[in-house]
Each structure stands twice: as structure tokens, then as C-alpha cells.
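Once you know that position 249 of the sequence shown is 249 in our numbering, the rest is easy, because the numbers rise by one and skip nothing.
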Amino acid sequence: MYKYLILLCLFATPALGQIGHEIEKIEVRGNEKTRVEIIRRVLPIKVGDNLHEGDIDRCRVILERLLLFRTAYVNVKPGAEKGKAILVVYVQEKRFGDLGMSLEYSELDGFGASANAHYANLRGEGKLVGVEYGLGERFKYWGFHYSDPLFLKTNQAFHIQVTGSSADRDIFRDRNPDIRGRYDLERIGFAMGFGQPSPLRAYHFVLKYAFEAIQIGDFQHPSIPTGGGLFANEIKAAVGREALSTLSFNLFKQPVSAIWGQGTDFNARLILSSKLLGSVANYIKLRTELYRHQQLIAGHIFSLGVKTGGIWGSPPFYERFYLDGDNQLRGIERRVIGPEGGTLFFAAEALYAIDLKTLGRVYAFAESGGVHRSVNGNYRRDADFAFGVGMLLFNRVDISYGISTGTLIVKSHRFAGVKIGL
Numbered sequence: 001m002y003k004y005l006i007l008l009c010l011f012a013t014p015a016l017g018q019i020g021h022e023i024e025k026i027e028v029r030g031n032e033k034t035r036v037e038i039i040r041r042v043l044p045i046k047v048g049d050n051l052h053e054g055d056i057d058r059c060r061v062i063l064e065r066l067l068l069f070r071t072a073y074v075n076v077k078p079g080a081e082k083g084k085a086i087l088v089v090y091v092q093e094k095r096f097g098d099l100g101m102s103l104e105y106s107e108l109d110g111f112g113a114s115a116n117a118h119y120a121n122l123r124g125e126g127k128l129v130g131v132e133y134g135l136g137e138r139f140k141y142w143g144f145h146y147s148d149p150l151f152l153k154t155n156q157a158f159h160i161q162v163t164g165s166s167a168d169r170d171i172f173r174d175r176n177p178d179i180r181g182r183y184d185l186e187r188i189g190f191a192m193g194f195g196q197p198s199p200l201r202a203y204h205f206v207l208k209y210a211f212e213a214i215q216i217g218d219f220q221h222p223s224i225p226t227g228g229g230l231f232a233n234e235i236k237a238a239v240g241r242e243a244l245s246t247l248s249f250n251l252f253k254q255p256v257s258a259i260w261g262q263g264t265d266f267n268a269r270l271i272l273s274s275k276l277l278g279s280v281a282n283y284i285k286l287r288t289e290l291y292r293h294q295q296l297i298a299g300h301i302f303s304l305g306v307k308t309g310g311i312w313g314s315p316p317f318y319e320r321f322y323l324d325g326d327n328q329l330r331g332i333e334r335r336v337i338g339p340e341g342g343t344l345f346f347a348a349e350a351l352y353a354i355d356l357k358t359l360g361r362v363y364a365f366a367e368s369g370g371v372h373r374s375v376n377g378n379y380r381r382d383a384d385f386a387f388g389v390g391m392l393l394f395n396r397v398d399i400s401y402g403i404s405t406g407t408l409i410v411k412s413h414r415f416a417g418v419k420i421g422l
């Protein structure tokens, strides 16, 4: 009871009166095994900085994303002098970590189940060790990961992961198996990365190296050819095992607020693949994503977003851009546009969403997407447009209906599951 009375006194009053004041001290409370310097060093504001609007929420979100604490409270109190403030952080630690199990569905992989577990705060230094496993209709995966938010006591974050996956993929989207065809795509590899917040507030930069052994197998050639059979022949020629080695540069920003809350999402990834690194092909791949979410009135959010990408060089077919997975549209079935993939792509959308609290959100949307590819000197371009309505049910299941296309889409989301913090 005493602990909660302290929390009520410290955090019930907002910090509006302290905006613009200089932070003279950072107090950390509630930590039993987490080292104080770990918490202080991950915070986006330091002693001597002036407090800006949104800094309190930003600190709280960063602490929650560490996955070390059950809850994290952040506020300020007056300092010893006028114009000074003390940042107060109170955390409730997880004794072990998290255990999670869920049932999932996606347009790309169908129904599936997944489980994961991780141990949080190894040696009180914020390190995470975890495992995951998933089994679905057309996709299964496993993985091990380790992360250190302050590698070698620096401001650099380090992570390493070992993963494996196997996917059953259609060559073309069609109910007729003679047109559809299929193949298996297996990946086993590892990745390691270093990251550090950039000088721009709330932006993060990550440098990553990855190596994967790729295997194409169980190829079934469509008996009824599509597009002259070029795409099917390309996959058939790739049957076997090959190595993919890449170096990537990632710059990203996420808004402080909750899903679809007001703010800006930005993500840019530049991938370099070279035979000098032991890769199967030489190419450069760039993908960018920019979204702006604006609250018009309480509970009403208007969002504009665009995704673009380009590849230069000779990438393997599985590295091209397809309008499925992360690029899935809301009112158009996956890979109806550009089923053979493209070296250039775009997807743009506008959404008007209304918050229904715990029930989720309803929204109306308009979108457009397209891909471009050069084949034997000929340019193949494909694009389309759709508008419709949708619902993010319980903030987990994203269901959308394209009124202009008559298409119902269930995007990739967990629709049932449990996560236990221990």
C-alpha cells in the first residue's frame, strides 16, 4: 500500500508546469536488480537538457520497449532552484521475462500458432535472451535471439539472432492448381546488428549484417503457362541451395503514442548484396515507408502513408518486391498486382479512423499500389486502385473490405493469445 501511495503522489500530477525547465537530476526508484546507469543511459533526455513537451511519454515508451519491466512511470518534480526540475522514474521489474502463445492468421501464410519465451535483464544489465517457434498452414519458423541495449558499456545496442524458416509458396494466385504451381522456400541463417540513436531526437540507426542459406525445392511447374512461362522457368532455374549475404543500413522513427496515434512513422532500409561478401548476386535494395497520423478531433485520426522501393542490379526472384506480406494492400488481393514481383514498387493510402476504445477502430480507406519490372528489355507495369472500409478488432485483427473490388482482406494479426510477464 505504501508503494502505491508514493506512486500516486509522484505521478498523478502532470508535468505541464515543468516544460522548458532544465533537468538537474534523474532519480530511479523501484529497481532491485536493474542497474541505475542502464535506465539512465537509455533515456532520451539527460541531465542538463531542457524538458520538452512529449519527453515524458517518450521516456515511458522507451522503458516499456526494453521488455524489462511490468510497468514504468515517469514524471518530474520541482528542482532545488527555480527553472530546474528532477526527472523521476519508477519501475516494476519482471522477475523472469515473458512467455507468450498465440493463434494467428495472415493472407500470405494462413492459420498458425506460435510460442515464444525470453529471459529479461540478464545480470541486471538489460540483456535479453529468447527463443520462438511458429507452425502454420504454409509457413513454419524457429529462432534464437540475444540483445544487449548497452554493448560493452557504450551507447551502442547489439543484437544477434539465428533463425530458420520454411514456406510453401504459390507461383501464381489462382484456384486452378494447373495454373497456380508451387515451390518451397527455406531459409537458415544468422544476423547481427549494432544500433545507436542518431543526433535527431527519436530517430534510430541500425547497421546489420546477415547471412542466409537459401534452398528452393519441391517445384511444381504449372501445366498451363502464364506470361509465357518466364516466371515459372526463373524459379525452376533457381532450384537448389545458394547463399545470400547482405549488409543493411536502417533508419527509423516511431511515434510515441499508441497504434495509429498522432505522430510520424518513418522507416528506410538500404541493403547491399555483393559476391565479395559471399552472396549469390550483386544488387542494391532500398525500401522506404512514411506515415503521418493526425488527430482531427478526440478519437478521430486521419492518416496518410506511402511505401516505395527500388532494386538496382540482379536480385534473385525472392528478393523482389511483391504486394503481399508487409506490402499487403487493404482492398486488393495479394499479388493480383504484379504477381511476378517488381524491381520498383509503390503503395499509398489515406485512412480516416474512429477509435472505439477497447473494441478497436473502424476506418475508411482509399489506396493505390503498383509494381514495375524489366523482362528481356520489355517493361512490365501493373497498378490498381481501391477504396473501402475496415475494422481493427480489439486492436489485433485487421479486417478490410474493398468496396470497389468486392474483396475481403484479413491482414496479418494475432487474433487470440496470451502473454505472461513473470
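Built from N, CA and C at the ideal position, the CB exists for glycine as well.
Following the DSSP letters along the chain, one finds L230 inside the alpha helix (DSSP H) bounded by residues 230 to 237.
Exclusion of the five residues before and after A167 leaves F139, L185 as the residues of its chain whose Cβ lies within less than 6 angstroms of its Cβ.
Here G299 is exposed, its C-beta having fewer than 16 other C-beta atoms within 10 Å. The beta-bridge partner set that DSSP reports for K307 consists of E289, A347. Here R173 is exposed. Its C-beta has fewer than 16 other C-beta atoms within 10 Å.
Counting only the Cα atoms, D265 lies some 6 angstroms from K253. Close CB contacts of F345 within its chain, under the 6 angstroms cut and outside five residues either way in sequence, are with G309, F321, V371 (chain order). With a threshold of 16 other beta carbon atoms within 10 Å, S223 falls short and is exposed. With contacts defined as CB atoms closer than 8 angstroms, V88 and E27 qualify as a contacting pair. Contact between the region 315 to 331 and the region 339 to 356 is present: three or more C-beta pairs spanning the two stretches fall below 8 angstroms. For F151, the secondary structure class from DSSP, reduced to helix, strand or coil, is helix. Contact between the region 25 to 45 and the region 117 to 125 is present: three or more C-beta pairs spanning the two stretches fall below 8 angstroms.
Boundaries of the alpha helix (DSSP H) harbouring E64: 55 to 65, taken from the DSSP string. Annotated three-state conformation of F96 is coil, per DSSP. M101 and S374 have their C-alpha atoms some 43 angstroms from each other. In the three-state reduction of the DSSP assignment, Q18 falls in the helix class, which pools H, G and I.
In the three-state DSSP reduction, N267 falls in the strand class (E or B).
Under DSSP, V280 shares a beta bridge with no residue.
Setting aside the 5 residues that flank it on each side, T163 is surrounded in the same chain by G143, each with a C-beta closer than 6 angstroms to its C-beta; the list follows chain order. Secondary-structure assignment with DSSP links T246 through a beta bridge to A210, S273. For I409, the enclosing beta strand (DSSP E) covers residues 407 to 410.
Per DSSP, reduced to three states, the secondary structure at T226 is coil, with no helix or strand assignment. V36 carries a helical assignment under DSSP once its states are collapsed to helix, strand and coil. Residue nearest to Y141 within the set V131, L150, D148, P149 is V131 (criterion: CA-CA distance).
Spanning the alpha carbons of T154 and I62 requires a straight line of approximately 17 angstroms. The Cβ atoms of I409 and F387 do not sit closer than 8 angstroms to each other.
Remark: fewer than three beta-carbon pairs, one from each stretch, lie closer than 8 angstroms, so the region 331 to 339 and the region 356 to 363 are not flagged as touching. Between S245 and L277, the CB-CB gap stays under 8 angstroms.
The three-state reading of DSSP puts F69 in strand, counting E and B together.
Its chain contains Q262, I301 as the residues whose beta carbon lies nearer than 6 angstroms to that of Q295, once the 5 sequence neighbours on both sides are disregarded; these appear in chain order. In this structure, DSSP gives D178 a helical state, which the three-state scheme calls helix. If you check the CB distance, I19 and E53 come in under 8 angstroms. Per DSSP, the continuous beta strand (DSSP E) segment holding G164 begins and ends at 157 to 170.
A straight-line Cα-Cα distance of about 9 angstroms links R95 and R70.
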